[in-house]
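Each remark here refers to the structure printed beneath this line.
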DNA sequence: ATATACTGCGTTATCGATAACGCAGTAAAT
DNA sequence: ATTTACTGCGTTATCGATAACGCAGTATAT
């Protein structure tokens, strides 16, 4: 464990000089600097983050820009939980994390939240860019560091990092699971089909998931027809009516249903309302929502894919802190593991983080 | 952000008194202590871990007792990776982590490693108690804190924590996946059977996994017969001969194969050697071993369950540090998520941690 | 020739927690 | 009556990094 003092003594200068060289604060000769840098390497100097953080009397402020916690079936509440957990760890050192939520179906709300965030005193932003077109312009004008989570805008090269999932691959994975669920159950039927429930809003996440799903299904089970319902409103009642409409028009049950986000719980409650024949239809969807695990435990939902939104939120804040305060090098991309959740392992995931 | 100084001023005593009260170091009146404790709550005092760690000039030494890294098909190498990662984070503050590996098939080796660990200058142990009977006695005589990982010895109440998976449930999950893989493929066969590959050694992990698997299979697919091979040596060649023997005796292919640990890769290489007809047999097993992912990518192995050994190793060290150095309250049990790995998501897991 | 600016360094206070040390005052022991 | 022990507290140095401040010495400007 080498300290600045060790280096100073070894070179024969003061720790003040070493400090200035480390932080490029001028007032030193290049000759001294070279000697110091060499000794730093030789002695394998690693800054003591505790001492560094302790000295930081400055209050660091981070701002999070994400959709309202109730949107997408409560998905964002989970993200917030992870953010809260990270916040708790940081506030004890005098930092602050503020959340500026927005309505992901409103351009005005999104622009408003992001503008306020950018003009706040934040030193770094954690953004879920669900509305890329509303956000791109504002972000290009700013020079405050930001990390994207959940969704990416790859062409904004200035972003410090992206943390999220490979959404197309998650669709492929959903296809694989669906194919397993329906294998051997469709042979007797004529013209079997799988129903895709396409949630409201359009973003590259949803698009990619569905595209990946279609890709896998058409490659592996070309005999299965794929039908789609497009929902318009992010609300349980609306989903139920759309599904009911579909059932009326198509009295024959689908071989399986794929819901491209956490609205899978709306589909599950619909199936449960309709009775046993419906609940036994294979159902694959996304995200564990607290309080709605029953649908998985009962088996109405067969598989849930998750990107562990709590972990994403938590990691996002920690990465911001590491980057800005601790000046650590952080990864440009953090691709989250694609977790497969089913009745037999759901209890090992719920509450894994907060407890 | 409340500091000890704030509390001292608020109560009207010195920070020395506050410090003594916080750490029960005596030399204070209960009357003062009550006042201080009240103010601590009111002002929501949280110790600054940076200041605390900085002051810790003492070198903390932790010792890890785990099987040799090459055993169980390289599984323990992964555990070591996580331990190494945690170690790197800690050594920069002057701590040290030593690994005392042992041969998990040798009683003498196990006892030797644990004795040396206990009589070392370690302040805390991270132990994988693969050989409970060899370890129990030694641990009962010692009073050094220890955390179990991977395997538990639940009756040793003095253990600080256990971090690992719910092994029986993982067997149940394996059963579920197996049932999905073989549904619709066995109807034509007469007397379909599934082969269980029982790896060498006996511990409650293996036992529970197989028990969970049997439970699920007999409940859901009672028509499937379950057959077992018991391997005696932890070595690829040995597995291949045992499997070959079995194939000779049972010319009819199994409907599926379940390997109860990372020896699944030995089974996979056997199937690949035998040709396409064999590789298409559904195969379910445990653990991602670096360098052997190909068997999953090619589809020879259909599903891998993992307990993320790197995370277990990492978490184990961090928990030891939190408990002993930072004196945080830690959880008595950390049950790891049961991850399901398949061809479509394996790349999101490999290298997730170290990068 | 004197003021001004800048260079290259050393010295020092600070962040918050910790624990050793010291010092009255009281109580029991010799 | 004096030693000994203990209580209840305050004071202070320390951990390592940071940055403000100070101070010679040199260079340029007026």
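Protein chains in written order, with the numbering used here: chain A, 1 to 355; chain B, 1001 to 1355. Note that CB positions come from ideal geometry on N, CA and C, so glycine has one too. Nothing here was measured: the structure is a model prediction, and the numbers come from that model.
Residue i, buried or exposed, once every other Cβ within 10 Å from all chains shown has been counted against 16
i, result
"residue 121 of chain A", "exposed"
"residue 88 of chain A", "exposed"
"residue 176 of chain A", "buried"
"residue 1027 of chain B", "exposed"
"residue 1248 of chain B", "exposed"
"residue 23 of chain A", "exposed"
"residue 293 of chain A", "buried"
"residue 242 of chain A", "buried"
"residue 1329 of chain B", "exposed"
"residue 141 of chain A", "exposed"
"residue 1355 of chain B", "Its pLDDT being 35, under 50, residue 1355 of chain B is placed unreliably by the model, and nothing is read from it."
"residue 299 of chain A", "exposed"
"residue 307 of chain A", "buried"
Interface flag, residue i vs chain B, CB-CB below 7 Å
i, result
"residue 350 of chain A", "no"
"residue 1 of chain A", "yes"
"residue 173 of chain A", "yes"
"residue 180 of chain A", "yes"
"residue 283 of chain A", "no"
"residue 340 of chain A", "yes"
"residue 261 of chain A", "no"
Cβ of residue i within 7 Å of any chain A Cβ
i, result
"residue 1053 of chain B", "yes"
"residue 1044 of chain B", "no"
"residue 1176 of chain B", "yes"
"residue 1354 of chain B", "Its pLDDT being 38, under 50, residue 1354 of chain B is placed unreliably in this model, and the value from its coordinates should be taken loosely. No, residue 1354 of chain B lies away from the interface with chain A (no Cβ there is under 7 Å from its Cβ)."
"residue 1335 of chain B", "yes"
"residue 1050 of chain B", "yes"
"residue 1279 of chain B", "no"
"residue 1089 of chain B", "no"
CA-to-CA distance, residue j to residue i, given in whole angstroms
i, j, result
"residue 1234 of chain B", "residue 1118 of chain B", "28 Å"
"residue 1191 of chain B", "residue 339 of chain A", "35 Å"
"residue 174 of chain A", "residue 1058 of chain B", "52 Å"
"residue 51 of chain A", "residue 149 of chain A", "30 Å"
"residue 1335 of chain B", "residue 250 of chain A", "44 Å"
"residue 1225 of chain B", "residue 1350 of chain B", "35 Å"
"residue 1066 of chain B", "residue 1342 of chain B", "28 Å"
"residue 1044 of chain B", "residue 77 of chain A", "25 Å"
"residue 1105 of chain B", "residue 1231 of chain B", "13 Å"
"residue 304 of chain A", "residue 1021 of chain B", "50 Å"
"residue 221 of chain A", "residue 102 of chain A", "40 Å"
"residue 1206 of chain B", "residue 1167 of chain B", "8 Å"
"residue 1237 of chain B", "residue 1217 of chain B", "29 Å"
"residue 316 of chain A", "residue 323 of chain A", "11 Å"
"residue 1212 of chain B", "residue 310 of chain A", "30 Å"
"residue 345 of chain A", "residue 170 of chain A", "18 Å"
"residue 1312 of chain B", "residue 95 of chain A", "30 Å"
"residue 1271 of chain B", "residue 1282 of chain B", "11 Å"
"residue 111 of chain A", "residue 153 of chain A", "16 Å"
"residue 1256 of chain B", "residue 1178 of chain B", "7 Å"
"residue 8 of chain A", "residue 39 of chain A", "9 Å"
"residue 81 of chain A", "residue 318 of chain A", "14 Å"
"residue 1274 of chain B", "residue 1158 of chain B", "50 Å"
Check: residue i C-beta below 6 Å from any heavy atom of the ligand NAP
i, result
"residue 1058 of chain B", "With respect to small molecules bound, the structure shown includes none, and the ligand NAP cannot be examined in it."
Delimiting residues of the beta strand (DSSP E) encompassing residue i
i, result
"residue 1185 of chain B", "No beta strand (DSSP E) holds residue 1185 of chain B; DSSP gives it neither H nor E."
"residue 333 of chain A", "333-335"
"residue 305 of chain A", "303-306"
"residue 1066 of chain B", "1061-1067"
"residue 1162 of chain B", "1161-1164"
"residue 1253 of chain B", "Run containing residue 1253 of chain B: none; DSSP gives neither H nor E here."
"residue 73 of chain A", "Unbroken run through residue 73 of chain A is the alpha helix (DSSP H), 71-91; no beta strand (DSSP E)."
"residue 1098 of chain B", "1096-1102"
"residue 1349 of chain B", "Segment: none, residue 1349 of chain B is in no beta strand (DSSP E) and carries neither H nor E."
Boundaries of the alpha helix (DSSP H) in which residue i is found, first to last residue
i, result
"residue 309 of chain A", "309-324"
"residue 276 of chain A", "276-279"
Nearest neighbour of residue i, chosen from the options [CA to CA]
i, options, result
"residue 291 of chain A", "A/245, A/12, A/347, A/205", "A/347"
"residue 1262 of chain B", "B/1040, B/1067, B/1215, B/1286", "B/1286"
"residue 99 of chain A", "A/93, A/127, A/111", "A/127"
"residue 1083 of chain B", "B/1314, B/1332, B/1319", "B/1314"
"residue 258 of chain A", "A/172, A/325, A/277, A/297", "A/172"
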